[in-house]
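Peer 1:
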Amino acid sequence: MRSVVRVSQRVQETPSTVTLRFPFDAKAAPGQFVMLWIPGDDELPMSLSYTEGDSKGVTVKAMGDTSRRIQSVRVGDPVGIRGPYGTRFDVAARNILIVGGGSGAAVLAPAADRARAGRASVTVALGATTRHELLFADRFRAMGARVEVATDDGSEGERGFVTGVASRLLGAGAFDAVWTCGPEVMMRKVIDAAAVRRVPVACAVERHMKCALGMCDACALGPFHVCTDGPVFDAGRLVDVPDFGRYHRDPSGRRVPF
Amino acid sequence: MRSVVRVSQRVQETPSTVTLRFPFDAKAAPGQFVMLWIPGDDELPMSLSYTEGDSKGVTVKAMGDTSRRIQSVRVGDPVGIRGPYGTRFDVAARNILIVGGGSGAAVLAPAADRARAGRASVTVALGATTRHELLFADRFRAMGARVEVATDDGSEGERGFVTGVASRLLGAGAFDAVWTCGPEVMMRKVIDAAAVRRVPVACAVERHMKCALGMCDACALGPFHVCTDGPVFDAGRLVDVPDFGRYHRDPSGRRVPF
Amino acid sequence: MADLTVRLAGLTLRNPFVLASGIWGESGESLAGAWHAGAGAVVTKSIGSLARSGFPNPTVETYGRWGMLNAMGLPNPGIEEYPREIEVARRAGAPVIGSVFGGDAEEFARLAARIGSTGVVAIELNLSCPHAEGFGTEVGSEPRDVEAIVRAVVREVRIPVIAKITPNTSDPEALAAAAERGGAAAVSAINTVRGLAIDVRLRRPVLAHGLGGLSGPAIKPVGLACVWQAFGKVGIPLIGIGGIASAEDALEYVMAGARAVEVGTAVAVEGIGVFGRLARDLSGLLDELGIARLEDAVGIAHGAPAPPVGGASSDALLTRSP
Amino acid sequence: MADLTVRLAGLTLRNPFVLASGIWGESGESLAGAWHAGAGAVVTKSIGSLARSGFPNPTVETYGRWGMLNAMGLPNPGIEEYPREIEVARRAGAPVIGSVFGGDAEEFARLAARIGSTGVVAIELNLSCPHAEGFGTEVGSEPRDVEAIVRAVVREVRIPVIAKITPNTSDPEALAAAAERGGAAAVSAINTVRGLAIDVRLRRPVLAHGLGGLSGPAIKPVGLACVWQAFGKVGIPLIGIGGIASAEDALEYVMAGARAVEVGTAVAVEGIGVFGRLARDLSGLLDELGIARLEDAVGIAHGAPAPPVGGASSDALLTRSP
Ligand SMILES: Cc1cc2nc3c(=O)[nH]c(=O)nc-3n(C[C@H](O)[C@H](O)[C@H](O)COP(=O)(O)OP(=O)(O)OC[C@H]3O[C@@H](n4cnc5c(N)ncnc54)[C@H](O)[C@@H]3O)c2cc1C
Ligand SMILES: Cc1cc2nc3c(=O)[nH]c(=O)nc-3n(C[C@H](O)[C@H](O)[C@H](O)COP(=O)(O)OP(=O)(O)OC[C@H]3O[C@@H](n4cnc5c(N)ncnc54)[C@H](O)[C@@H]3O)c2cc1C
Ligand SMILES: Cc1cc2nc3c(=O)[nH]c(=O)nc-3n(C[C@H](O)[C@H](O)[C@H](O)COP(=O)(O)O)c2cc1C
Ligand SMILES: Cc1cc2nc3c(=O)[nH]c(=O)nc-3n(C[C@H](O)[C@H](O)[C@H](O)COP(=O)(O)O)c2cc1C
Ligand code: FES
Ligand code: FES
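Given below as structure tokens:
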């Protein structure tokens, strides 16, 4: 179940974001994640930002100490890996709006890749604090997606939140699916905007994870376990979960407001 | 690995021999044996006397207390069974001499069945203490084998040992294989007689068995384990084993002369 | 349809399959989910006095479908936060058994008193956690400690107290007997078996904590042995735990002496649907074996008279022998 | 080609894979066969004072490829008959380790003295058999008994004495430490884990003896934990046993602290060819991991410095990052 792989490539995507590529021949689908073990340090859930072929990848944003240490992994270093786990984006839709905030683009990019490979039309609303932090903007463009940007400081695209861009796009286009990943407050807004136009939304959710096997309950979110029922959820199943967008659980299991 | 089957038929073959049939759909070949567990009593190795189809069978001769109790199993009684284990008779030969003494016919009969099904010519030298104890004589005849008999008391066929009959037949016919099962001293004689005519011999050997998995060493015979290397051996591998025909081991592992 | 109802320690369960502690036990919603999926009752995660994050990841290692090693480190939100979760589960209708762990008898008693006031139907004492007063050995490995803890708890609460014992002992009977002397209403056995895994490529233990506890089918024989050994030696009912993944597994435990069973790792392997399936399968198995009520099977593998071999009971069957 | 030579307790073995006691150990020809198949040494079946038939069948139950339960009941031909078998194995060139079991220190000492005179290179004491003076507990579950037995044996013989300890304990370190105090040259761990299987259709335990011992991959984590716990606590070398079926399994034991390993159940699963394969695979694995000599790996999972993460040692590698 567990493999040890050596990092084969390290790409600084943005000032705060690093992609690690490694040979890993497990079958994977966009939306799924792996448990990445930095020996002597920690094991963390990480979405696969590259899901095709034998060279997979994760894209890590510097948050706390652990993610910073993960970023310092070098080419040739061994890391433990298990998975992939969890649900996937359903790539049957033909005209897709992707809404990503922060590191959310990590899990959305391979989904967009697959959609484009299936000749679907893809529009991306991408948000970041500032223009240099726009993750995978070039990757989305290179695959032929239309990319609309929002930055907190207005250094590129609209000034403000990506949810504004998303609402505007939803009003203009005839999308048959919305895929989103980012802070839950952001995703709640996206879901509300899409609901008005009856467009189904798939959201990728994050919770603290330990077993990733649907057992330890660390990742409980209402009646769901994010590790097995998610991370990609049909928004219709989430909207009635009171904790969604409001509470998560810390490693002790204590409910903590966002 | 272990099944519980209910005995579906009980046939008194001779005054001292009983066949138990039971549904058991494992694949089996002539020569192989099962470990038969009489709940609350013992578990013993028993050759399959019926190896084809879903209804298998064993044919038990009354020896000591345990085999007597096995004979008292009734139709409908549950017995434990694991296997089949061990090597098989190679049924490629075209003109086969079968030499059986005592309960030896139990393992030889299904081998003869298969040989006949493959249109080989089968001659059987069958020995017993007295005519009523000739096991499977009718079964051999019914499948179209030629049967020659020896009884200790001369009540049928030649008076004396079956080895005499076997030597005579070997001298007369052009056999390309000899299959034998019975007391090891008898089998040694058969091997010697066949060696003169360079006919290869396969012998089915018995030793005390416990695990039947090639582990506990209870069934050790020289460098072999009868449960996994046997019970059917190419005689060429056995003749140089000093213990063959001379010593077996009791349940404690002590070497005991025959 | 065979009757799966189980009575033990004053409780009546709709079936013998109880969610084991530490699995789906952090949130009330999950406990409720196990109940909705068909569990006979649910045990909470083991709760301590203060919030604990548990050990860092990696906290689990898996071995195919037959085993799992974990060292969660007893993460829990602490006894003051946890009643909310019990309340959610109770409102869904689940009979909740509260599990607690502590460092000594006094702490156990305090925790039990608190959790006992939340509407749980019983309390299970995790007497097999690696956080002892002593020097690294488990709290529950000495019979005298087990007796003292159980006695202290029983004095504090009015609901049944279940002592969950460790398999990492030379003498499980002695632990069960100690729990009985202390006043336990039942004994549950077993917690995980001490184990370790090493990653030879990374040259270190897989689990951040090093040592962990083995669970799943690999330990079924071990749990069965503990139940087998305790049955008859103690008068209180037994709850079997360890590696149960099929109706036959559960029935093995029952025949060895258990009145109910807890299911843990199988939830990870099969999903929560395992509870509904186990109950259905067990009912079918009992029908097949001609056992009308599960309770009739408790302990019948002990001193079982030899099944009919040539005996009168099979005379009625058709004898086709000549 | 990595060097698999192992030195321990004054012995030098061509590789670390030793045939475990009770497997292929009844006849000298089988011991010789294990040696010819590539084992580094062979341990005899445990021999007692008198011939014992062992328990009636069924004596084994299997669980797929991952476990086995047995209750052979220590069958053996008795110490007076057995030297013939040792002689056969020795003549084939095998380094033979004689295993004995007894009911008390005196019997162990007598048996060890006798087997010590047959040319065995070492003696392994089976301190984990269910035939005690006491009341059903194992001879080797109390540290003071272990110490006394080892001391009595060491006084009688001039060859290394290996104490084989049980996993059915709350404190394996204490047993290993007791063996060291008694003068053991090495500790081997583990014997089988107490277990039980029930046949629900026959409503009785599968093994004629009821309780048995679990072996095979299922107990690898348990054996690893014992070795891990004892390493560093005792100064004498450790021999790892339990569930070894691959070179990685063996290397896990070595990294946990074992200098050699014993292989039992894998012989039933794969056949005696397992010894040759394990040695070849281990050699290949060490080459792959850049470990020149197996002995360099002993215990390296303890206090292992974190493998290079952004450290100097990986700077030499091609860094393709922009
Ligand atoms: C399914 C899933 C996919 C993810 N994919 C990505 C990704 O592609 N890129 C990315 O940068 N991050 C991803 N994360 C988040 C990532 O796992 C970490 O939470 C994040 O890197 C922060 O780690 P930290 O310890 O450095 O931060 P800290 O500052 O130490 O903590 C920040 C937050 O991270 C959380 N965290 C710490 N450990 C874990 C854990 N075991 N499981 C979940 N959260 C944890 C803490 O609870 C805290 O809320 C994903 C999380 C999940 C659940
Ligand atoms: C591969 C194999 C196939 C066999 N096939 C048949 C068969 O088809 N029909 C048949 O009647 N018998 C067969 N036997 C012999 C059978 O297993 C018993 O040995 C026999 O029934 C005598 O049993 P008993 O205990 O009643 O006799 P006892 O008088 O108690 O003992 C007579 C002999 O049986 C031996 N025996 C007892 N237990 C075992 C055991 N576990 N394994 C082997 N021998 C044992 C004793 O060692 C003794 O030498 C076979 C044996 C083997 C090894
Ligand atoms: C991930 C995990 C967490 C556990 N946490 C606890 C716990 O908090 N308290 C407890 O008493 N047992 C705990 N256990 C032990 C289980 O309740 C159970 O005794 C053990 O896993 C054996 O059952 P199984 O084989 O069905 O899993 C835990 C087990 C696992 C696998
Ligand atoms: C059939 C069998 C017989 C055994 N007999 C003995 C014995 O006589 N003496 C002993 O010390 N250990 C005995 N053992 C235990 C093994 O030597 C070993 O400690 C155990 O099986 C764990 O190793 P494994 O998983 O590789 O089998 C026996 C084990 C088995 C399976
Ligand atoms: S991480 Fe353990 S249940 Fe999801
Ligand atoms: S019966 Fe155990 S090795 Fe053959």
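Protein chains in written order, with this note's numbering: chain A, 1 to 258; chain B, 1001 to 1258; chain C, 2001 to 2322; chain D, 3001 to 3322. Idealized CB from N, CA, C, for every residue including glycine. Owing to the predicted nature of the structure, the values given are computational and were not obtained by experimental measurement.
Of all the options A:14, A:210, A:239, A:90, which has the alpha carbon lying nearest to the alpha carbon of residue 227 of chain A?
Peer 2: A:210
Peer 1: With a 10 Å radius around its C-beta and 16 neighbouring C-beta atoms as the bar for buried, classify residue 119 of chain A as buried or exposed.
Peer 2: exposed
Peer 1: Verify the CB distance criterion: does residue 1001 of chain B have a CB-CB separation below 8 Å to chain D?
Peer 2: It does: the Cβ of residue 1001 of chain B has a partner Cβ on chain D nearer than 8 Å.
Peer 1: Measure the alpha-carbon distance for residue 3299 of chain D versus residue 1007 of chain B and round it to whole angstroms.
Peer 2: Approximately 55 Å between the Cα atoms of the pair.
Peer 1: Could you give the C-beta distance for residue 123 of chain A and residue 173 of chain A, rounded to a whole number, given that I count them as a contact under 8 Å?
Peer 2: 6 Å
Peer 1: Assuming residue 3074 of chain D contacts residue 3102 of chain D under a Cβ cut-off of 8 Å, what Cβ separation, rounded to an integer in Å, is found between them?
Peer 2: About 11 Å; that fails the 8 Å criterion.
Peer 1: Just to confirm, does residue 1219 of chain B get its C-beta within under 7 Å of one of the non-hydrogen atoms of ligand 4?
Peer 2: no
Peer 1: Out of D:3284, D:3127, D:3011, which one is the CA nearest neighbour of residue 3094 of chain D?
Peer 2: D:3011
Peer 1: If you draw a straight line from the alpha carbon of residue 2237 of chain C to that of residue 1018 of chain B, how long is it in whole angstroms?
Peer 2: 46 Å
Peer 1: Please confirm whether residue 1164 of chain B and residue 1156 of chain B have their CB atoms less than 8 Å apart.
Peer 2: no
Peer 1: Please report the distance separating the alpha-carbon of residue 3133 of chain D from that of residue 2100 of chain C.
Peer 2: In this prediction, residue 3133 of chain D scores a pLDDT of 43, lower than 50, which makes its location untrustworthy; the coordinate-derived value is nonetheless stated afterwards. One C-alpha to the other measures close to 38 Å.
Peer 1: Are the beta-carbon atoms of residue 2212 of chain C and residue 2196 of chain C separated by less than 8 Å?
Peer 2: yes
Peer 1: The alpha helix (DSSP H) with residue 2063 of chain C in it runs from where to where?
Peer 2: Premise fails: residue 2063 of chain C lies in the beta strand (DSSP E), 2060 to 2063, not in any alpha helix (DSSP H).
Peer 1: I think residue 1083 of chain B touches residue 1012 of chain B, with their Cβ atoms under 8 Å apart; what is that distance to the nearest whole Å?
Peer 2: Between residue 1012 of chain B and residue 1083 of chain B the Cβ distance is about 24 Å, and since that is not below 8 Å, they are no contact.
Peer 1: For a minimum of 3 consecutive residues, which ranges assigned as the beta strand (DSSP E) are wholly contained in the stretch 2233 to 2276 of chain C?
Peer 2: 2238 to 2241, 2258 to 2263
Peer 1: Using the Cα positions of residue 3002 of chain D and residue 3302 of chain D, report the straight-line distance between them to the nearest angstrom.
Peer 2: 22 Å
Peer 1: Assuming residue 2109 of chain C and residue 2275 of chain C form a contact by the criterion Cβ under 8 Å, report the distance between their Cβ atoms to the nearest whole angstrom.
Peer 2: Not really, about 32 Å apart at Cβ, beyond 8 Å.
Peer 1: Is any beta-carbon of chain D found at less than 8 Å from that of residue 2193 of chain C?
Peer 2: Under the 8 Å criterion on CB atoms, residue 2193 of chain C is classed as interfacial with respect to chain D.
Peer 1: By the DSSP assignment, the beta strand (DSSP E) with residue 3226 of chain D in it spans what residues?
Peer 2: Per DSSP, residue 3226 of chain D belongs to no beta strand (DSSP E); it is in the alpha helix (DSSP H), 3220 to 3230.
Peer 1: Step through the CB atoms of chain B and report whether any lies within less than 8 Å of the CB of residue 3062 of chain D.
Peer 2: yes
Peer 1: From residue 1021 of chain B to residue 1079 of chain B, what distance separates their C-alpha atoms?
Peer 2: Roughly 11 Å between the two C-alpha positions.
Peer 1: Under 8 Å between the Cβ atoms of residue 3150 of chain D and residue 3111 of chain D?
Peer 2: For residue 3150 of chain D and residue 3111 of chain D, no; Cβs fall outside 8 Å.
Peer 1: Considering residue 2213 of chain C, what are the terminal residues of the beta strand (DSSP E) in which it resides?
Peer 2: 2212 to 2215
Peer 1: Taking 7 Å as the cut-off, does the CB of residue 1254 of chain B come closer than this to any heavy atom belonging to ligand 2?
Peer 2: No - ligand 2 has no heavy atom lying nearer than 7 Å to the Cβ of residue 1254 of chain B.
Peer 1: Just the C-alpha distance for residue 2164 of chain C and residue 3215 of chain D, rounded to the nearest angstrom, thanks.
Peer 2: 25 Å
Peer 1: Return the residue from the list C:2065, C:2241, C:2061 that minimises the CA-CA distance to residue 2166 of chain C.
Peer 2: C:2241
Peer 1: What does residue 43 of chain A reach in chain G if we use C-beta pairs closer than 7 Å?
Peer 2: Although the question refers to chain G, the structure presented lacks it and instead comprises the protein chains A, B, C and D.
Peer 1: On the three-state DSSP scale, how would you describe residue 1032 of chain B?
Peer 2: coil
Peer 1: Does any residue of chain B have a CB that is nearer than 8 Å to the CB of residue 3218 of chain D?
Peer 2: no
Peer 1: For residue 2281 of chain C, does the three-state DSSP call read helix, strand or coil?
Peer 2: The three-state reading of DSSP puts residue 2281 of chain C in helix, counting H, G and I together.
Peer 1: Among residues of its own chain, excluding the 5 on either side of residue 2168 of chain C, which ones have a beta-carbon nearer than 6 Å to its beta-carbon?
Peer 2: Take residue 2168 of chain C, set aside five residues on each side of it, and the residues of its chain with a beta-carbon closer than 6 Å to its own are 2194, in chain order.
Peer 1: Let me know the secondary structure DSSP gives residue 1155 of chain B once reduced to three states.
Peer 2: coil
Peer 1: Can you tell me which of A:23, A:39, A:29 puts its alpha carbon nearest to the alpha carbon of residue 2204 of chain C?
Peer 2: A:39
Peer 1: Please list the terminal residues of the continuous alpha helix (DSSP H) segment that includes residue 1188 of chain B.
Peer 2: 1184 to 1196
Peer 1: Counting only the same chain and skipping the five closest in sequence on each side, list residues whose C-beta sits under 7 Å from that of residue 1190 of chain B.
Peer 2: 1099, 1163, 1166, 1178, 1180, 1201
Peer 1: Let me confirm a value: residue 3106 of chain D is counted as buried when at least 16 other C-beta atoms fall within 10 Å, else exposed. Which label applies?
Peer 2: Classification for residue 3106 of chain D: exposed.
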